[in-house]
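Heads up, the thing below is written out as structure tokens.
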Amino acid sequence: MKAPRMEVAAYGPYGPEGLEVYYALRGYPLHNMVGFVIGSETPWIEVQALRSGARKVYTVEYQKTKIIGTTKIEYVHPVDFAEQWKENLEKFDFAITFSSIEHSGLGRYGDPIDPNGDLREVLKVMCLLKKGGLFFVGFPRGKDAIRYNAHRYYGRMRLAMVMAGFKWIATYRANSPYPQHPIREDFETVDTHLQDIYVLEKV
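So the sequence shown is numbered by the numbering used here: it starts at 9 and just counts up by one.
Right, dumping it as structure tokens:
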């Protein structure tokens with residue numbers, strides 16, 4: 009991870025909030041790993057994954073992404089990726105998604121309404137990860153809620169559902185390079201849109 013942290017904040021679409029991805033990948037580097045990124049729109053997470061040592065990164069995104077200057081990032085349409093599930097079963101070392109799955113199933117982007125759309129996405133990721141594979145997942149924390157049809161907030165109940173089948177390794181926030189220890193009050197806020205990224209390990 010050679011890029012200065014403020015450079016990372018500048019090129020990511022989330023500004024300084026994207027620093028938590030940088031911190032998580034610095035704390036848990038991807039040396040020689042192969043993985044995929046879900047829903048990044050622009051390949052800012054993919055670049056960070058390469059800087060963290062990843063050997064190959066697949067971009068899973070509805071919007072066609074043009075990659076210039078490297079063969080280590082490869083675009084895959086989500087439908088094609090889903091159809092290849094047998095070939096990809098327990099194939100990947102890591103998966104990363106940030107500010108994406110909280111929208112799944114709410115119809116915001118033309119997807120079918122599905123109250124458990126986010127949990128289905130997590131189950132898909134679990135199927136594709138090797139045992140011991142890392143899942144970096146970022147979304148808004150707070151009291152469990154849906155702000156229809158924008159996104160969900162993840163509190164004690166929904167977060168436990170997301171983590172089923174995984175071991176919690178660490179939590180990062182943009183305001184600190186060190187792992188954080190969530191407290192009860194973190195999951196009692198309402199409509200503050202504070203994001204965390206969780207490092208999970210498939211068990």
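The beta carbon of each residue, even a glycine, is placed where N, CA and C say it ideally should be.
Isoleucine 191 is classed as exposed because its beta carbon has fewer than 16 other beta carbons within 10 Å across all chains shown.
Glutamate 82 places its beta carbon less than 7 Å from that of tyrosine 66. Our two residues, valine 42 and histidine 201, have alpha carbons roughly 31 Å apart in a direct line. Secondary structure note for phenylalanine 102: its beta strand (DSSP E) is the uninterrupted segment 100 to 106. Just measuring C-alpha positions, the residue of Pro24, Phe100, Tyr30 sitting nearest cysteine 135 is Phe100. Residues Cys135, Leu136 of the same chain have their beta carbon placed closer than 8 Å to that of leucine 97, with the five preceding and five following residues left out of the count. Taking a contact as a CB-CB distance under 8 Å, the pair isoleucine 104 and valine 55 does not count as one, their CB atoms being some 12 Å apart. Of the residues assessed, glycine 77 falls on the exposed side of the cut-off, its CB having fewer than 16 other CB atoms within 10 angstroms. Taking C-beta separations shorter than 7 Å and ignoring five residues to either side along the sequence, the partners of arginine 181 in its chain run Glu28, Gln188, Asp204, following chain order.
Following the DSSP letters along the chain, one finds tyrosine 31 inside the alpha helix (DSSP H) bounded by residues 27 to 35. Here tyrosine 161 is bridged, per DSSP, to Ala153. With 16 or more other Cβ atoms from the protein chains shown falling within 10 Å of its own Cβ, proline 148 counts as buried. In the DSSP assignment, threonine 179 forms a beta bridge with Tyr206. Taking 7 Å as the cut-off, the Cβ atoms of leucine 208 and phenylalanine 174 count as close.
Measuring C-alpha to C-alpha distances from glutamate 110 to each of Phe144, Leu38, Ala57, Gly125 identifies Gly125 as the nearest. Take methionine 165, set aside five residues on each side of it, and the residues of its chain with a beta-carbon closer than 7 Å to its own are Asp152, in chain order. With distances taken between CA atoms, valine 133 lies nearest to Pro86 out of Tyr156, Gly26, Tyr70, Pro86. Between lysine 64 and lysine 80, the CB-CB gap stays under 7 Å. A straight-line Cα-Cα distance of about 8 Å links glutamate 193 and glycine 150. Here arginine 116 has Asn157, Ala158 as same chain residues with Cβ atoms under 7 Å from its own Cβ, once five neighbours each way along the sequence are excluded.
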